[in-house]
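Using this note's numbering, the letters of the sequence shown map in sequence onto residues 40 to 1108.
Using N, Cα and C, we set each Cβ at its ideal position, and we do this for glycine too.
First the structure, in the form of structure tokens, and then the observations on it.
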Amino acid sequence: MSSESRLQLNSQFSSATVLILGAVVWLLLSPLYGCNRATDPQPTATPTPRSQPADDSGDAAHSTSIEAAPPAHKVANVTDPDDITAEKRQRTLQAIPQWYDLGQFELAKRKLTQLLVANPDDVEVLLWLARIEYAAGRTSEAIEVLSSIPADDPNYGMMTLGTSADWLVKLGRYDEAIRRYSQIVEQDTTITIAHRKLASLLNRLGRRQLATRHLRALCLNGDITQAELASLISRSDASITNTASEEKAGDVPLGEAWFSPVGNARQLASEGRFDEAIDLLIDATTTHDDSNETAGRGAEQSQFPRIDPTAVALLGRLALDQGDAEATTHWRKIANDSQIQFADHWYALARLAMQQQAPVETVAALLCETVTRDPTDWVAFGLLENCMNQLGRPQAEQTFRLRALSIKRSILASNAAASGDIAAIDRLATTLETLGRPLEANAWRMIRQYRGPDKDNHDRVNHAFAELRHQRRELLESGQAFASDAFVLGGYTSAVDAAGLRRFVLRESGFSEDGAPTSLKISARWAANEDDSRLSSPKFTRRASAVGLTFEYHNAHPRKERDLQIYEQFGGAVAALDYDRNGHIDYYFVQSAGTPQRSAGALPNVLHSQYDHQFRDVTEPATADDRGYGLGVGVGDLNQDGFDDLIVGNFGQNTVLINQGDGTFKRANGGNVWQSNAWTSAAAVADFNNDGIPDVMEVNYLDDPAVFEVPPRNEHGRFSVFRGPESYRPAVDRMLLQQPDQSWNEKPLTSQAEAAPGLGVVVANFDSAAGNECFVANDTRPNNLWINENDRWTDVAKLRGCAYSSRGGSGASMGIAAADFDHNGQLDLHVTNFYNEPVHFYQQSDKQTFVDSAIAVNLYNDSMPVLGFGTAAIDFENDGNLDLAVLNGHIEDLRFRDAPFKMKPQLFSQRAGRFQMQSAAVVSKDATNYFDAATLGRALIRTDWNRDGRVDLLATHLDQPVELLENQTANSGNWLQCELVGINCERTAVGAVITVQTELGTQQQWLDSGDGYSCSDERIAFFGLADSQQIEQISVQWPDGTSDQLSSLPVNQRVLIVQGQPPHVYERE
């Protein structure tokens, strides 16, 4: 048996194979059928010739070159039919094999032609003539000879159809081959070899949905290989399934595997090379006047239609997923009724409807059409989950969420099974049953028996096979071998006419170049200034140990790196503040070093104060210690005295440290409002009700005592279960509103039923109107965007497009970088995500709606193989375009499951609206490169610790001390830094928007709070100005709605802007 482990499911088991019971044995076809592209087909049971057939060039390996001629059976009469006797016919047929073996094809052809003059319908003569023509290198003529044999001939009809189809494949005339193979299965659906040929060919053509019909037929007929079963797992992915002859010949090189641009495009898309796939499909769907045929396969060209409907459907899907306006416009022009049968077409329509902000019912109806055509499309199910959430259909939402999750699990299990993981087959079979695919599950369990540890125990395996065969018969009799449409939709029915919607969506699209973002639409003047030849590679130097930053986070005491309780996975927080107002930035680090149940950890939080470019631990004299199980931190001037205060978010009671202005802190009482025992992951200080007094947004993760339960261990001492946040009760987020007397009013933002495990938070002015909004990144649940509507806080994330992943579902949102990446005057969001999930890149339009453009801006591929935590938007070369830094690392050591544990951090440079991952030239005293070393990264802040105008980074980790990454990028541009102080608004001015105008264009920065994952940035607005020599104007929109304008300021300065007063320029150090 081959490595494909073909299952023939209806018979008795033997140690060598699993035989087939009752299957049709295609004996007449077997000597002829099943040839591959490099092997001579044999139309009759004669000895294998010594020569190999040549292509249609006319050269045969053992024959004289002969000119192409019309089909022999159509040559003019050269012999009197009366001269052809039965005896002469018999002598000629007896001599043909010898002439054939000797390569005397011209002689053999002449003699066979003479016989056909007497009887043009002599099937045996026609078969020999076809073989002679093929061996002589005239494949097209050979096919025409076979075509003269009726397809319904009881003895040779199917054989000639199969042989001619094989030869058509060799010539690249695939559609003709498909028609002939299809004639075979239409006559007899149990002929598995034809289904197998069709599935293989259609897969190589990229027509996956059509191939699936024949793969399912193989499953129903009980003759299917593991590769063919795997091909059913995800129908939109590229897949190759081989026929028996192809297995014998060996694997086809991947570059030669695809017979059409569609197959190649699917492969490119599966590798994340979306732009290449789209370009290929645009070319394939652009008509050319010179030829309909595909060049490059010999004298006989492929006869595809001018526009392949599968190519059009796939182009629509990729173009709209990618946010490629040009490709979408092209697709819109060629989309028509020929693509209605394809799931990709309906998916593209759903994406288009979402882009048009069509009613949710419309999008849901189009997605239902998608999944009934392809019930393996986990992205479509994830988007349906989103729709059901917005429609208030919780049961359907749960159904579709589980569908998407189960499909992803089946893909992972199938991949593991292909690598020899026997246990993965068990997981896969169980998952397929939950997806309503019991016949496939049954077939996988057959493979499990053949490959499992008991495979040599014939009694046990025979018993198992008997049970599986019995289950299979019951499934076939029940008619429930595969999921029905009703099962796929989980009981949800749409009252909307999908066909009518399709016409409406296409008609209303009115697509233009700006209809979808192709990338970040950078201001033309900034883009024109972007000169790659001038810019140097980023360079960051490790400086923490050299300048005295020695803090090391401990998730327990002693520190643990594997078998972590869920609260031990997240790391400690970091905040930047000038606590003593000496003009130098200081850093506060949050520690755990114990367990949440204990009142005090073994190690303190640490305050590092800077003086003369060195840091020293002043925790004790500053009375800044806290011994809770710390995870989050917030910075703000709670009492408006001009000195930054601290909020420490613990698992349990939080701590408020009020800066006394004399170098010390004092714990605030705060009453019962701070007595909550929830797990606080983040805190942001800002004015939420426009009264000029700072309030607090408290983001909480879990509120469930079950998190303290220790999971069971396996025989190796490792946890056997790793529970995520979905296994526990989430905590409710709170808004704490401060009153003039410094008391606090608690305002829960949701009910317990609507609570979500929150991690990251950013508070800023998201909509240009006065006042703050709040974005919360939730783990495994939809994100929140809270806005204040008449003193009522409302979550609008779903309405505005930043609640979900572009790939459907909620994702595991963690870190946040908020900035105007595309210079359109709106705040965008980069949100990190879990391993094997892409980041979210929520790009905001001037209508305050978001589109997840992770694919379009080139972040999709690089974010998939990592688990992201902290992220920061920085302009590391000060060219005016914001770049990205990301810390990565898994939450558990799962290397025994082939998942990476420690992961490299990433640095992305923005060029022309797309991000490219950099290999940073990081230098340190021990010559290590921070961005080339895998670690368990967690919180990340931006800061200019040495005030040289280049933005630095400070990173915390789960496995090593903190690291200060000093930006030493050479040839960086000019810069400006703005520090704000509010007078009529809250003093730290969170919610202010600063606009800087230079000769190169306009930039905007937002003064925000929260700053992402377990951190608080240095509260400075950093501007990279490239080659600008003068600042024409600075405009500040303050949180209270007032504004100030400042003119004619020098570059390369830090400016203090006090509301309503002239600016103060700091002296350079």
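Under 8 Å: do the segment 816-829 and the segment 1030-1047 share three or more Cβ pairs, one atom per stretch? no
Using only the alpha-carbon positions, how far apart do R371 and A233 sit? Here residue 371 is taken as the residue at index 332 of the sequence shown, counted from 1. Here residue 233 is taken as the residue at index 194 of the sequence shown, counted from 1. If you take the alpha carbons of R371 and A233, they lie about 36 Å apart.
So is M509 buried or exposed if we call it buried at 16+ other beta carbons inside 10 Å? Residue numbering aside, residue 509 sits at position 470 when the sequence shown is read from its first letter. The sequence shown places His at residue 509, rather than the Met named in the question. So H509 counts as exposed.
Expressed to the nearest angstrom, what Euclidean distance is found between the alpha-carbon atoms of G475 and E513? To locate residue 475, count along the sequence shown from 1; it is residue 436. To locate residue 513, count along the sequence shown from 1; it is residue 474. About 15 Å.
Helix, strand or coil, according to DSSP, for V1097 in the structure here? The count along the sequence shown starts at 1 and reaches residue 1097 at position 1058. In the structure shown, V1097 sits in a strand (DSSP, three-state: E or B).
N1091 versus V613 - alpha carbon distance: As a working mapping, residue 1091 is identified with position 1052 in the sequence shown. As a working mapping, residue 613 is identified with position 574 in the sequence shown. Looking at the two C-alpha atoms, the distance is approximately 27 Å.
For L319, I'd like the list of residues in its chain whose CB is within less than 8 Å of its CB, leaving aside the five on either flank, ordered along the chain. Locating residue 319 in the sequence shown gives position 280, counting from the first residue. Once the five neighbours on either side are set aside, the close Cβ partners of L319 are P300, N303, A304 and L307.
Assigned secondary structure, S517 (DSSP; H/G/I helix, E/B strand, else coil): Here residue 517 refers to the residue found at position 478 of the sequence shown. If DSSP states are grouped into helix, strand and coil, S517 belongs with the helices.
Rounded to the nearest angstrom, how far is the Cβ of L441 from that of L423, given a contact under 8 Å? Here residue 441 is taken as the residue at index 402 of the sequence shown, counted from 1. Here residue 423 is taken as the residue at index 384 of the sequence shown, counted from 1. Actually they do not touch by this definition, with Cβ atoms about 12 Å apart.
Can you list, in chain order, the residues of its chain whose CB lies under 8 Å from that of P751, leaving out five sequence neighbours each side? If you number the sequence shown from 1, residue 751 lands on position 712. Closer than 8 Å at the Cβ level, and outside the excluded window around P751, lie F758, S759 and V760.
Under the assumption that R412 contacts F381 (Cβ atoms under 8 Å), give the Cβ distance between them as a whole number of angstroms. On the sequence shown, position 373 is the one that residue 412 refers to. On the sequence shown, position 342 is the one that residue 381 refers to. Correct: roughly 7 Å between the Cβ atoms.
Count the other CB atoms within 10 Å of the CB of P1089; is the residue buried (16 or more) or exposed (fewer)? Indexing the sequence shown from 1 puts residue 1089 at position 1050. The C-beta of P1089 has fewer than 16 other C-beta atoms within 10 Å across all chains shown, which makes the residue exposed.
According to DSSP, W1014 sits in a beta bridge with which residue or residues? The residue given as residue 1014 occupies position 975 in the sequence shown. W1014 is bridged to G1063.
Give me the Cβ distance between Y740 and P796, rounded to the nearest whole Å; I'm assuming they're in contact under 8 Å. As a working mapping, residue 740 is identified with position 701 in the sequence shown. As a working mapping, residue 796 is identified with position 757 in the sequence shown. 5 Å between Cβ atoms; contact.
Residues near F690 in its chain [Cβ-Cβ closer than 7 Å; skip 5 each side]: What you label residue 690 is simply residue 651 of the sequence shown in a count that begins at 1. These residues qualify, in order along the chain: Y606, P635, Y668, L670 and W718.
CA nearest to the CA of E180, picked from A808, S203, R839 and D160: Within the sequence shown, the letter at position 141 stands for residue 180. That would be S203, whose Cα lies nearest to the Cα of E180.
Please state whether DSSP places W1077 in a helix, a strand or coil. In the sequence shown, the residue the question calls residue 1077 occupies position 1038. If DSSP states are grouped into helix, strand and coil, W1077 belongs with coil.
Could you check whether the segment 842-859 touches the segment 797-817, counting it as contact only if at least three pairs of C-beta atoms, one from each stretch, sit closer than 8 Å? Because the criterion of three Cβ pairs below 8 Å is met, the segment 842-859 and the segment 797-817 touch.
Residues sharing a beta bridge with F381, DSSP: Locating residue 381 in the sequence shown gives position 342, counting from the first residue. DSSP, once it has assigned bridges, lists no residue as partnering F381.
Does DSSP classify F439 as helix, strand or coil? Counting from 1 along the sequence shown, the entry for residue 439 is found at position 400. Residue state, collapsed to three classes: helix.
Close beta carbons around T251, own chain, < 7 Å, minus the five adjacent residues each side: The count along the sequence shown starts at 1 and reaches residue 251 at position 212. For T251, where only same-chain residues beyond five positions count, the Cβ hits under 7 Å are L271 and R274.
Could you tell me whether the segment 362-371 touches the segment 880-895, where touching means 3 or more Cβ pairs closer than 8 Å? yes
H755 versus Q1043, D322, D602 and N920, residue with shortest Cα-Cα distance: Here residue 755 corresponds to residue number 716 of the sequence shown, with the count starting at 1. For H755, the nearest C-alpha among the options comes from D602.
Residue from F579, K886, L646 and C1017 with nearest C-alpha to Q394: Counted from its first residue, the sequence shown places residue 394 at position 355. The option with the nearest alpha carbon to Q394 is K886.
For F579: DSSP bridge partner residues: Position 540 of the sequence shown, counted from the first residue, corresponds to residue 579. Bridge partners of F579: N1006.
Tell me whether A748 sits in a helix, a strand or coil according to DSSP, three-state version. Locating residue 748 in the sequence shown gives position 709, counting from the first residue. Note on residue identity: the sequence assigns Glu, not Ala, to residue 748. Three-state result, E748: coil.
Might you give, ordered along the chain, the residues of its own chain that have their beta carbon closer than 6 Å to the beta carbon of K113, omitting 5 neighbours on each side? The residue you call residue 113 lines up with position 74 of the sequence shown. Reliability of the predicted coordinates at K113 is poor, the pLDDT of 45 falling under 50, and the value obtained from them is presented with this limitation in mind. Correct list: empty, nothing qualifies.
Please go through the same chain and pick out, in chain order, the residues whose beta-carbon is closer than 6 Å to the beta-carbon of Q699, but skip the five residues on each side of it. Looking up residue 699 in the sequence shown gives position 660. The answer, listed in chain order, is K705.
For V208, I'd like the list of residues in its chain whose CB is within less than 6 Å of its CB, leaving aside the five on either flank, ordered along the chain. The residue labelled residue 208 in the question sits at position 169 within the sequence shown. Closer than 6 Å at the Cβ level, and outside the excluded window around V208, lie A216.
On a CA-only basis, which of G1051, L1003 and S1086 is nearest Q1036? Give me that one, please. Residue 1036 sits at position 997 when you count from the first residue of the sequence shown. Closest option to Q1036, Cα to Cα, is S1086.
Measuring CA to CA, which of E765, P577 and P414 is closest to L1004? Mapped onto the sequence shown, residue 1004 falls at position 965. Nearest C-alpha to L1004: P577.
Looking at the strands, I want to know which residues DSSP matches up with I1033. Locating residue 1033 in the sequence shown gives position 994, counting from the first residue. Beta-bridge pairing links I1033 to Q1044 and V1075.
Strand pairing of Y1052, partner residues [DSSP]: Along the sequence shown, one-based indexing puts residue 1052 at 1013. Paired residues: G799.
Could you tell me which of S648, R666 and Y650 sits nearest to V629, measuring between CA atoms? For the purposes of this step, residue 629 is identified with residue 590 of the sequence shown, where counting begins at 1. The candidate whose alpha carbon is nearest that of V629 is R666.
Going by DSSP in three states, A129 sits in which element: helix, strand or coil? As a position in the sequence shown, residue 129 is number 90, starting the count at 1. A quick correction: the sequence has Gln, not Ala, at residue 129. Note: Q129 maps to helix in three-state DSSP.
For L997 and G928, which I take to be in contact (beta-carbon distance under 8 Å), what is that distance rounded to the nearest angstrom? Locating residue 997 in the sequence shown gives position 958, counting from the first residue. Locating residue 928 in the sequence shown gives position 889, counting from the first residue. Yes, L997 and G928 are in contact; Cβ-Cβ is about 6 Å, under 8 Å.
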